[in-house]
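Trainee:
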Amino acid sequence: MVAANGVGSRKGFYTPVDGQPNAEKEVMLRIQDQYHVQFANYEEFYRWTCDHYAQFWEVVLKYCDVKLGSPYKQVIDQTKTIADIPAWFEGATLNYAENCLRKGGDLDTAIIVASHDGHLTRYDYRTLRNDVAFVASALRKHGTGVGDHVCGYLPNMYETTVAMLATAAIGAVWSSASVDFGVVGVCDRFRQVVPKVLFTVDGVTYKGKRHCLKDKVNAIVQDLVSIEHVVVIPFLKTSVDRKDYEKHEKFVAWNDFKHCVSTKPLPLECLQVPFSHPLFVLFSSGTTGTPKAMVHTVGGTLLKHVEEHIVQANMKSSDVILFYTTCGWMMWNWLMSVLYTGASLVLYDESPLEPDAHILIKLCASTKATILGMGAKIYDEYTKRGEDFYSMYDLKQLRLVLSTGSPLKPASFDYINEYIRPGVVIGSISGGTDIVGCFMGCTLNLPVVRGECQHLYLGMDVHAYDHNGQSVEDEQGELVCVAPFPSMPSHFIGDNNGQRYKRAYFEKYPNIWAHGDFCLINSQTKGVVMLGRSDTTLNRGGVRIGTAEIYSVVDGIEGVEDCIVAGQIIPEADDEHIILFLKMRNGFSLDADIISLIKSRIRTQMSPRHVPNAFHAVPDIPYTNSGKKVELAVKQIINGESVEKVSSLRNPDALDHYKVFRRT
Numbered sequence: 001m002v003a004a005n006g007v008g009s010r011k012g013f014y015t016p017v018d019g020q021p022n023a024e025k026e027v028m029l030r031i032q033d034q035y036h037v038q039f040a041n042y043e044e045f046y047r048w049t050c051d052h053y054a055q056f057w058e059v060v061l062k063y064c065d066v067k068l069g070s071p072y073k074q075v076i077d078q079t080k081t082i083a084d085i086p087a088w089f090e091g092a093t094l095n096y097a098e099n100c101l102r103k104g105g106d107l108d109t110a111i112i113v114a115s116h117d118g119h120l121t122r123y124d125y126r127t128l129r130n131d132v133a134f135v136a137s138a139l140r141k142h143g144t145g146v147g148d149h150v151c152g153y154l155p156n157m158y159e160t161t162v163a164m165l166a167t168a169a170i171g172a173v174w175s176s177a178s179v180d181f182g183v184v185g186v187c188d189r190f191r192q193v194v195p196k197v198l199f200t201v202d203g204v205t206y207k208g209k210r211h212c213l214k215d216k217v218n219a220i221v222q223d224l225v226s227i228e229h230v231v232v233i234p235f236l237k238t239s240v241d242r243k244d245y246e247k248h249e250k251f252v253a254w255n256d257f258k259h260c261v262s263t264k265p266l267p268l269e270c271l272q273v274p275f276s277h278p279l280f281v282l283f284s285s286g287t288t289g290t291p292k293a294m295v296h297t298v299g300g301t302l303l304k305h306v307e308e309h310i311v312q313a314n315m316k317s318s319d320v321i322l323f324y325t326t327c328g329w330m331m332w333n334w335l336m337s338v339l340y341t342g343a344s345l346v347l348y349d350e351s352p353l354e355p356d357a358h359i360l361i362k363l364c365a366s367t368k369a370t371i372l373g374m375g376a377k378i379y380d381e382y383t384k385r386g387e388d389f390y391s392m393y394d395l396k397q398l399r400l401v402l403s404t405g406s407p408l409k410p411a412s413f414d415y416i417n418e419y420i421r422p423g424v425v426i427g428s429i430s431g432g433t434d435i436v437g438c439f440m441g442c443t444l445n446l447p448v449v450r451g452e453c454q455h456l457y458l459g460m461d462v463h464a465y466d467h468n469g470q471s472v473e474d475e476q477g478e479l480v481c482v483a484p485f486p487s488m489p490s491h492f493i494g495d496n497n498g499q500r501y502k503r504a505y506f507e508k509y510p511n512i513w514a515h516g517d518f519c520l521i522n523s524q525t526k527g528v529v530m531l532g533r534s535d536t537t538l539n540r541g542g543v544r545i546g547t548a549e550i551y552s553v554v555d556g557i558e559g560v561e562d563c564i565v566a567g568q569i570i571p572e573a574d575d576e577h578i579i580l581f582l583k584m585r586n587g588f589s590l591d592a593d594i595i596s597l598i599k600s601r602i603r604t605q606m607s608p609r610h611v612p613n614a615f616h617a618v619p620d621i622p623y624t625n626s627g628k629k630v631e632l633a634v635k636q637i638i639n640g641e642s643v644e645k646v647s648s649l650r651n652p653d654a655l656d657h658y659k660v661f662r663r664t
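And the structure:
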């Protein structure tokens, strides 16, 4: 039986209850009334939002009460295609920070920071607003203004949220990287945006160990000469001594910086900027070279996020959301926008499984989280362990469980429904850094179907295209989007003629966004089964890793002439092993010392996730006639697949060397 709140027994998946109100229904009713249409079912409603995308996004803007500083002249020029990257709400001005901070009551909890031992530190909205005002004023005093770039090399902590919102308040642009990134990985990203200010931390703890970041930070500041000020947040210590750092004249402690204008509360002054003004620069995985620096706009990001949070997920000020993410993942940016609803965020940056595999569930219970989210691989680990969390902890308040990063396994659907929260809405959401949001995910108005994303999101005209470029259902296809949406990147930094942007999304199908994922749309449920990446990006534990990042480290190692890396699917582990093939120089062999050196370099310069699982010496590396490494062919061979179009290779015989590594 399904209870009145839509939560059922420990055996049944969520089924919506007739007559139960939610934001998505209210938007549907508003559209029916305003445009004199009637929807017989959810699919008709969804189809209308795609066919009339301009009207839909205008309704969302007004329903969600996005605050504008000045009105818009038009929603969008509908004569333009998605490949034209049309502007949205031209003429409108707004401020992201102002919108995120306007709804929470002074004494309402904005942020709960959790430590590995379960200790909770709470910050109310008044404190958050005051701290954002302090830091925004400090940024202005230090010469940072509209369009300047500010970067964060930080864990997911309260001060990170403050620094980002302060950056947005003054019209500057924010980028962040997780502290598990190595120096090369950070500099390859931040160098592109030419930052004036860097926010960082003296160190972190992870898996119960303390990690000082001083050497990494010194190296980053040495490389990024544009940085004028480095603000260091004390974490390992109670205070920061700038003399501990090289170029110490650039360094300032967090509290000194925050209060350099005043120690008394200041008014929060939020600059009104155009809808298309840059807010975030996010970075691709770096598959084909230096990571792409994708610029996401203030208005487009905010509007897409509030649609997902308020309309799709029915988030309210009473919600408490715990979504496990680092600052290097787009889900952090997505999470920050939840503040717009006046809800409470739970921030946790340490290991989700070691030394305490229950920590996220414990925090869910202790904070009374209503929404829980994390990468699918963590749910997979829970599923393998099979512990009955629902019996062990008080999780009755949970109404929505979100998963992303990689497809959520059907067995994990079963586990969540049985052992985390019976009858809960299970939202397997999917999108990407490219859109700083989702193409598909959850809805309270359709049943949860095992193994599927519930539905394509409203206003996202997504299809699965077969090899002929035809929209198909019930068979695998390339995930494409055929109509514009607000959170498309406005441009890539350094892509002056826009050709890199065009190649990234519009090369495969003219005027159609090809996202690089394979999927299957169920004709009966209209749910979506995600089938993984359609390119050669490595994917370890749901984390995308660019092959070029590995090459950038290995290429500088003595004795290595060339290399190629590919992912080998390991079905029993539901994961991908990274295999590095190396062509050694004459007089060198791939011995234990070189392998150890490669591992160490990759671990320190990139991250532990980048370290390959296996290393093999090969006599040759395959290349195309245009001089590109043939990663896809190598991946196909080692995964037991056939390889086509070898005639396009410069040295097709080189592929024969990889057949001995074929998985059978």
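The sequence shown lines up with residues 1 to 664 when you count with UniProt numbering.
We put the beta carbon where it would ideally sit given N, CA and C, even for glycine.
In this text the structure is predicted, and so the values were computed from the model without any measurement.
Over what stretch of residues does the beta strand (DSSP E) that includes L347 continue unbroken?
Mentor: Stepping through the sequence shown from its first residue, residue 347 is reached at position 347. Where L347 is concerned, the enclosing beta strand (DSSP E) stretches over 344-347.
Trainee: In the DSSP assignment, what residue or residues form a beta bridge with S471?
Mentor: Residue mapping note: residue 471 aligns to position 471 of the sequence shown, counting from 1. Beta bridge pairing from DSSP links S471 with Y465.
Trainee: What residue from I378, F13, L165 has the CA that sits closest to V135's CA?
Mentor: What you label residue 135 is simply residue 135 of the sequence shown in a count that begins at 1. Closest by alpha carbon: L165.
Trainee: Can we say the segment 222-239 touches the segment 362-372, given the rule of at least three CB pairs closer than 8 Å?
Mentor: no
Trainee: Mind checking which residues open and close the beta strand (DSSP E) that includes T121?
Mentor: Along the sequence shown, read from residue 1 onward, the residue named residue 121 stands at position 121. Segment 120-124, the beta strand (DSSP E) holding T121.
Trainee: Quick one: what does DSSP say Y14 is sitting in, helix, strand or coil?
Mentor: Translated into the one-based positions of the sequence shown, residue 14 becomes position 14. Y14: coil per DSSP, three-state reduction.
Trainee: Where does S37 fall in DSSP's three states?
Mentor: Counted from its first residue, the sequence shown places residue 37 at position 37. It should be noted that the sequence gives Val, not Ser, for residue 37. It is coil, neither helix nor strand.
Trainee: Using a threshold of 8 Å, state whether the C-beta atoms of L400 and V436 are closer than that.
Mentor: Mapped onto the sequence shown, residue 400 falls at position 400. Mapped onto the sequence shown, residue 436 falls at position 436. No.
Trainee: If you draw a straight line from the alpha carbon of F492 to that of I598, how long is it in whole angstroms?
Mentor: For the purposes of this step, residue 492 is taken as residue 492 along the sequence shown, with counting starting at 1. For the purposes of this step, residue 598 is taken as residue 598 along the sequence shown, with counting starting at 1. Each residue's Cα considered, the two are about 31 Å apart.
Trainee: Between the Cα of T93 and those of G441, V201, G171, M606, spot the shortest distance and give me the residue it belongs to.
Mentor: Along the sequence shown, one-based indexing puts residue 93 at 93. For T93, the nearest C-alpha among the options comes from G171.
Trainee: Once the 5 residues before and after residue 752 are set aside, which same chain residues still bring their CB inside 7 Å of it?
Mentor: Coverage of the chain is limited to positions 1 through 664, which leaves residue 752 absent and any answer about it impossible.
Trainee: Within 10 angstroms of the Cβ of T664, are there 16 or more other Cβ atoms? Answer buried if so, exposed if not.
Mentor: For the purposes of this step, residue 664 is taken as the residue at position 664 of the sequence shown. Exposed, by the Cβ-count rule.
Trainee: Tell me which residue opens and which closes the beta strand (DSSP E) that W254 is part of.
Mentor: Numbered from 1 along the sequence shown, position 254 holds the residue referred to as residue 254. W254 -> not in any beta strand (DSSP E); alpha helix (DSSP H) instead, spanning 254-258.
Trainee: Measuring CA to CA, which of A654, G546, T341, V197 is closest to V611?
Mentor: Locating residue 611 in the sequence shown gives position 611, counting from the first residue. Residue G546 is the option with its Cα nearest to V611.
Trainee: Is S351 closer than 8 Å to A376 when the C-beta atoms are compared?
Mentor: On the sequence shown, residue 376 is found 376 positions in, with the first residue counted as 1. On the sequence shown, residue 351 is found 351 positions in, with the first residue counted as 1. No.
Trainee: Within the same chain, show all residues whose beta-carbon is closer than 8 Å to that of V554, passing over the 5 residues directly before and after it, in chain order.
Mentor: The count along the sequence shown starts at 1 and reaches residue 554 at position 554. The answer, listed in chain order, is V560, C563, L580, L582, I598, R601, I602.
Trainee: Report the rounded CA-to-CA distance for K618 versus Y658, giving the unit in angstroms.
Mentor: Here residue 618 corresponds to residue number 618 of the sequence shown, with the count starting at 1. Here residue 658 corresponds to residue number 658 of the sequence shown, with the count starting at 1. Strictly speaking, residue 618 in this sequence is Val, with Lys absent from that position. Using only the alpha carbons, I get a separation of about 8 Å.
Trainee: Can you find the residues in the same chain that come closer than 6 Å, C-beta to C-beta, to K196, ignoring five residues on each side of it along the sequence?
Mentor: Here the question's residue 196 lines up with position 196 in the sequence shown. For K196, the CB contacts under 6 Å within the same chain, skipping 5 residues up- and downstream, are T144, D148, E228 in chain order.
Trainee: In three-state DSSP terms, what is A177?
Mentor: If you number the sequence shown from 1, residue 177 lands on position 177. Residue state, collapsed to three classes: strand.
Trainee: May I ask you to verify whether the segment 151-158 touches the segment 296-311, counting CB pairs closer than 8 Å and requiring at least 3?
Mentor: no
Trainee: May I ask you to list the residues that DSSP assigns as paired with I321?
Mentor: Within the sequence shown, numbered from 1, the residue matching residue 321 stands at position 321. For I321, which the question treats as bridged, DSSP gives the partners L345, I371.
Trainee: What does DSSP give as the partner residues of D575 in its beta bridges?
Mentor: Here residue 575 refers to the residue found at position 575 of the sequence shown. Answer is I570, bridged to D575.
Trainee: DSSP three-state label for L302, please.
Mentor: Position 302 of the sequence shown, counting from 1, holds the residue named residue 302. The answer is helix: DSSP assigns L302 an H, G or I state.
Trainee: Determine, using beta carbons only, whether Y63 and L456 come nearer to each other than 8 Å.
Mentor: Here residue 63 is taken as the residue at index 63 of the sequence shown, counted from 1. Here residue 456 is taken as the residue at index 456 of the sequence shown, counted from 1. No.
Trainee: Note down the Cα distance separating L590 from V194, rounded to an integer number of angstroms.
Mentor: Locating residue 590 in the sequence shown gives position 590, counting from the first residue. Locating residue 194 in the sequence shown gives position 194, counting from the first residue. Rounded to whole angstroms, L590 to V194 spans 39 Å at the Cα level.
Trainee: From which residue to which residue does the beta strand (DSSP E) around S430 run?
Mentor: Residue 430 sits at position 430 when you count from the first residue of the sequence shown. 430-432 is the span of the beta strand (DSSP E), which, as asked, contains S430.
Trainee: Looking only at its chain, what residues have a beta carbon closer than 6 Å to the beta carbon of L339, apart from the 5 residues adjacent to it on each side?
Mentor: Counting from 1 along the sequence shown, the entry for residue 339 is found at position 339. The residues C100, in chain order, have a CB closer than 6 Å to that of L339 in the same chain once the five nearest residues on each side in sequence are set aside.
Trainee: Label M374 either buried or exposed according to how many other C-beta atoms from any shown protein chain fall within 10 Å of its C-beta, with 16 as the threshold for buried.
Mentor: Counting from 1 along the sequence shown, the entry for residue 374 is found at position 374. Burial call: buried.
Trainee: Helix, strand or coil for E478? Go by DSSP, reduced to three states.
Mentor: Position 478 of the sequence shown holds residue 478. E478: strand per DSSP, three-state reduction.
Trainee: If you reduce the DSSP assignment to three classes, tell me which class A87 lands in.
Mentor: Counting from 1 along the sequence shown, the entry for residue 87 is found at position 87. Coil.
Trainee: Kindly indicate which residue of C270, D414, G477 has the alpha-carbon position closest to the one of E98.
Mentor: By 1-based counting over the sequence shown, the position of residue 98 is 98. When each option's Cα is compared against that of E98, the closest is C270.
Trainee: Please state whether DSSP places L101 in a helix, a strand or coil.
Mentor: Taking the first residue of the sequence shown as 1, we reach residue 101 at position 101. Helix.
Trainee: Where does the unbroken alpha helix (DSSP H) through K377 begin, and where does it stop?
Mentor: Sequence index remark: in the sequence shown, residue 377 carries index 377 (1-based). Looking at the DSSP string, the run of the alpha helix (DSSP H) that includes K377 is 376-385.
Trainee: Which residues in the same chain as S534 place their Cβ atom closer than 7 Å to its Cβ, once the five residues preceding and following it in sequence are excluded?
Mentor: Counting from one through the sequence shown, the residue named residue 534 turns up at place 534. E478, G516, D517, F518, listed in sequence order.
Trainee: Output the distance between the C-alpha atoms of P265 and K292, rounded to the nearest integer angstrom.
Mentor: Here residue 265 is taken as the residue at index 265 of the sequence shown, counted from 1. Here residue 292 is taken as the residue at index 292 of the sequence shown, counted from 1. So the two alpha carbons sit approximately 39 Å from each other.
Trainee: Measure the alpha-carbon distance for V183 versus L198 and round it to whole angstroms.
Mentor: Along the sequence shown, one-based indexing puts residue 183 at 183. Along the sequence shown, one-based indexing puts residue 198 at 198. CA-to-CA, the gap between V183 and L198 works out to about 14 Å.
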